[in-house]
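From first to last, the protein sequence lines stand for chains A and B.
Once you know that position 30 of the first sequence is 30 in my numbering, the rest is easy, because the numbers rise by one and skip nothing.
Once you know that position 132 of the second sequence is 132 in my numbering, the rest is easy, because the numbers rise by one and skip nothing.
What follows is one structure encoded as structure tokens, with my remarks underneath.
2 protein chains.
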Amino acid sequence: MRAGSEYEALTVESLPARLAGVAALVAQVGPDSTVWRVREVGDGNLNLVFIVSGPDGTVIVKQALPYVRLVGDSWPLPLYRAFFEYHALTRQAARAPGAVPEVFHFDETQALIVMEFFAPHVILRRKLIAGEQVEGLADFLGRYCARTAFRGSELSMRSADKKADVALFAGNVEIPAITEGLVFTDPYYEAEMNNHTNGLDPVVAQLRADVGLKVRVQQALQRFTSNTQTMLHGDLHSGSIMSTARDSRVIDPEFAQYGPIGFDVGMLCANFLMAYFSQPAHRGDDLETYQNWILRVITDTCTRFEVEFRALWQSERTGILYPASLFEDQGHDSTLACDAMLNEIWCDAWSFCGIEMHRRCLSLAHNADFEDIADTAVRARLEARNLMMGAALIHQAGTLSDVGMVCAMARDFNGKDIL
Amino acid sequence: MRAGSEYEALTVESLPARLAGVAALVAQVGPDSTVWRVREVGDGNLNLVFIVSGPDGTVIVKQALPYVRLVGDSWPLPLYRAFFEYHALTRQAARAPGAVPEVFHFDETQALIVMEFFAPHVILRRKLIAGEQVEGLADFLGRYCARTAFRGSELSMRSADKKADVALFAGNVEIPAITEGLVFTDPYYEAEMNNHTNGLDPVVAQLRADVGLKVRVQQALQRFTSNTQTMLHGDLHSGSIMSTARDSRVIDPEFAQYGPIGFDVGMLCANFLMAYFSQPAHRGDDLETYQNWILRVITDTCTRFEVEFRALWQSERTGILYPASLFEDQGHDSTLACDAMLNEIWCDAWSFCGIEMHRRCLSLAHNADFEDIADTAVRARLEARNLMMGAALIHQAGTLSDVGMVCAMARDFNGKDIL
């Protein structure tokens, strides 16, 4: 690509000629760009995504668009988010080796990343809707969340490095602003871009009348915007995970920012809970088996997170927080401190989890788990359970001492007729 | 001053010739630099401070030194802290008009700020040791803390501006690192630069044996390093306040960073409490009267902080947090949210307060309130009260619903014979 050239969106037709000179791409795919096969597969809202194949292999070429696809060019978005995605991917690769696509090439002007192609992986959300189980999913996700959380915090990082990183990612303004608006604010008032399924009005009214709930949500927003505990993925739902029957990877960290540790794992659990509540519309005889599997994934993800976090606490606690000089070196066990920190993480996580469950049914960007349900009466009934459990999580976040309590709550709401 | 010149520390002798060309200085003091009178008055650890007087007026010239004065050139410190002091002063002036010195000139290369001279103000700590009352002190300090806190947070600021500011101040690495080490960590183990008064060994041993206490202190450290709620002064003790009998100002914000709102007001109260506990060594018949006055200053500072914060909550809540769209526009009072936020601020503040009370007796930089007590047996007895109250504050921070409880606690410890 020509140095200093202006941004121009790629097309299936223009891509081979425009990227023929990118050595890192040629090394993966093969030197003769005239034989490359290019497909555009982006189903997200913010980007073009191409699969580029040649005789030597296949890569993903991802290019940011200067606007939100879902609403057209009326909502412009800065291209610099590719810069943050690139920096997030390199940090995630270092902190959770093997979990995210390898980056082969980054072009800041073109807002373009050439990265590893995963096959035969598909988006996890599609598998959850189709009722497919993924072996090792919970282990992978729990470990990924714990490793990126711990190794991106001052439990592990040098303070100067962490401050420099916080400053870098503080430049990612407009993308986190989407979360601040769509996730934390819009669901709780008549925001212009909101939509919800017919029939949900009474539930929506109930949530918006709950002042205590809104206070808790805004407290969570303050933690999201002000607590730079670790580098978050920032958008860790089942559409940001790709899986085969037994392998999983995490993609799309363009919402990366430093934020509270509980955010990623909370949003992740929310998306599993929404998969859980939507299943009655997607399954037949295997409903109970598959819903039980989803709850087991939630339980095992949280358990694996704790196990990994505690292991890193013992082996990699090299930052300024909870230094050995104050604990182990004085013959004092620091387990009490780790317990307290995990409690705080889960308290945050269940609160973020409940908020994510709300926004996916009330705000702009819904998810296919519910949206694919054509019968809106059925959809509203299932969404109502999801919304009310979200409220319960937000209210009770501080008292949920164990993921088992969350799963029991899910079973309870799954049997309720709210509408 | 020559553009692009290298940093060179000023002296009383070199200052007039070197600064004769600075128009903003000349405008304040007068054009003929040969008649300027220059005195060096720095009693801090990090800087040269000159009073420069001429026929037209007087200014302060403050220049950062490349090392910590107290320990000589063995502890180098970056000159860029003058850059942060300059940016902090301009923000504080905008957020709390009239509270801080006006900046006339800033030279980044020379790490030098020419600023307003306050006369006949003296350092508040000297007044507290001398038993002098300052009219309006609590009102001024409570209002200053509330205004800078509220207006430097996303309760008020545009998110993009706040993120840019967080990024800017994240560059102030080494100065907050002093706080992270000296305040939050060193007191609780045998750090090399520590010192404490003879006789305090049993109290020190008791604090270091208290694992729960150390966990709470490290939780506070995590909030200090990760919670970017607002721009802090960062070093708001009675040596950073200048007063006459009825006027007060805040100086020296080179420790500025974005941090938890409770930090400044907590550190401030700690320094009043240390003044309180040290008084039996400084006063005669007026001891009770003056100690009562100090407690009244603490009470009134906290009360004024709350009143001002609540007023700003009603009148200036223009940021993304707790938007009117979720509360007032739906006919819902947001007082509950303000109450909860103030509770969290005080919980943080009393915890930071207790930690500051510890570090000033156990770590490197002690304060004159105690250090001026020549009789070390008396000093140790008074410091022991202060240290044990610090521990009580850290343990009970979450349950102190009212500043009255803190003052009652102070009266209680003031009557205790711990050693």
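By construction, the Cβ of each residue, glycine as well, lies at the ideal position given by its N, Cα and C atoms.
Residue-level contact to chain A via CB, residue i, 8 angstroms cutoff
{"i": "B/I129", "result": "no"}
{"i": "B/Y188", "result": "yes"}
{"i": "B/L232", "result": "no"}
{"i": "B/S363", "result": "no"}
{"i": "B/T185", "result": "yes"}
{"i": "B/H322", "result": "Checking the sequence, you will find Tyr at residue 322 of chain B rather than His. Yes, contact with chain A."}
{"i": "B/T399", "result": "no"}
{"i": "B/A167", "result": "yes"}
{"i": "B/M405", "result": "no"}
{"i": "B/K163", "result": "yes"}
{"i": "B/Q279", "result": "no"}
{"i": "B/Q396", "result": "no"}
{"i": "B/K62", "result": "no"}
{"i": "B/K416", "result": "no"}
{"i": "B/L25", "result": "no"}
{"i": "B/R95", "result": "no"}
{"i": "B/A138", "result": "no"}
Cβ pair residue i, residue j closer than 8 angstroms
{"i": "B/L400", "j": "B/W350", "result": "yes"}
{"i": "B/M242", "j": "B/F118", "result": "yes"}
{"i": "B/A9", "j": "B/Q63", "result": "yes"}
{"i": "A/V52", "j": "A/L15", "result": "yes"}
{"i": "B/V134", "j": "B/L124", "result": "yes"}
{"i": "B/N194", "j": "B/S363", "result": "yes"}
{"i": "A/L48", "j": "A/G42", "result": "yes"}
{"i": "A/L112", "j": "A/V59", "result": "no"}
{"i": "A/A20", "j": "A/S33", "result": "yes"}
{"i": "B/M157", "j": "B/G319", "result": "yes"}
{"i": "B/F370", "j": "B/M389", "result": "no"}
{"i": "B/R379", "j": "B/A281", "result": "yes"}
{"i": "B/V12", "j": "B/V35", "result": "no"}
{"i": "B/R208", "j": "A/Q330", "result": "yes"}
Length of the line joining the Cα atoms of residue i and residue j
{"i": "B/M405", "j": "A/F140", "result": "49 angstroms"}
{"i": "B/L77", "j": "B/Q219", "result": "27 angstroms"}
{"i": "B/G415", "j": "B/R310", "result": "35 angstroms"}
{"i": "A/A245", "j": "A/A146", "result": "23 angstroms"}
{"i": "B/W293", "j": "B/R249", "result": "19 angstroms"}
{"i": "B/Q222", "j": "B/G212", "result": "15 angstroms"}
{"i": "A/Y276", "j": "A/V122", "result": "19 angstroms"}
{"i": "A/Q257", "j": "B/N198", "result": "48 angstroms"}
{"i": "A/R283", "j": "A/I129", "result": "9 angstroms"}
{"i": "A/E356", "j": "B/F224", "result": "28 angstroms"}
{"i": "B/A17", "j": "B/E108", "result": "19 angstroms"}
{"i": "A/P101", "j": "A/A94", "result": "12 angstroms"}
{"i": "A/F169", "j": "B/D247", "result": "42 angstroms"}
{"i": "A/P187", "j": "B/C338", "result": "21 angstroms"}
{"i": "B/L232", "j": "B/F83", "result": "15 angstroms"}
{"i": "B/G259", "j": "A/T289", "result": "48 angstroms"}
{"i": "B/Y144", "j": "B/H366", "result": "25 angstroms"}
{"i": "A/V403", "j": "A/S238", "result": "19 angstroms"}
{"i": "A/H105", "j": "B/L321", "result": "38 angstroms"}
{"i": "B/R411", "j": "B/P323", "result": "41 angstroms"}
{"i": "A/Q28", "j": "A/G57", "result": "6 angstroms"}
8 angstroms Cβ cutoff, residue i in contact with chain B
{"i": "A/F327", "result": "yes"}
{"i": "A/N227", "result": "yes"}
{"i": "A/Q219", "result": "yes"}
{"i": "A/G171", "result": "yes"}
{"i": "A/Q420", "result": "Given that chain A is displayed from residue 1 to residue 419, the structure contains no residue 420 of chain A and the question cannot be resolved."}
{"i": "A/E316", "result": "no"}
{"i": "A/R126", "result": "no"}
{"i": "A/S33", "result": "no"}
Opening and closing residue of the alpha helix (DSSP H) in which residue i lies
{"i": "B/T376", "result": "376-396"}
{"i": "A/A64", "result": "That residue, A/A64, is in no alpha helix (DSSP H); its beta strand (DSSP E) goes 57-64."}
{"i": "A/V217", "result": "211-226"}
Cβ distance (whole Å) where residue i is taken to contact residue j below 8 angstroms
{"i": "A/S278", "j": "A/L382", "result": "6 angstroms"}
First and last residue of the uninterrupted beta strand (DSSP E) at residue i
{"i": "A/R181", "result": "The question names Arg, yet the displayed sequence has Gly at residue 181 of chain A. Note, A/G181: premise wrong, no beta strand (DSSP E); not H, not E."}
{"i": "B/L48", "result": "47-54"}
{"i": "A/M231", "result": "230-232"}
Residue i CB to nearest heavy atom of the ligand ATP below 7 angstroms
{"i": "B/S243", "result": "With respect to small molecules bound, the structure shown includes none, and the ligand ATP cannot be examined in it."}
C-beta neighbour in chain E for residue i, strict 8 angstroms
{"i": "B/A270", "result": "Absent from the structure: chain E. Protein chains present are A and B."}
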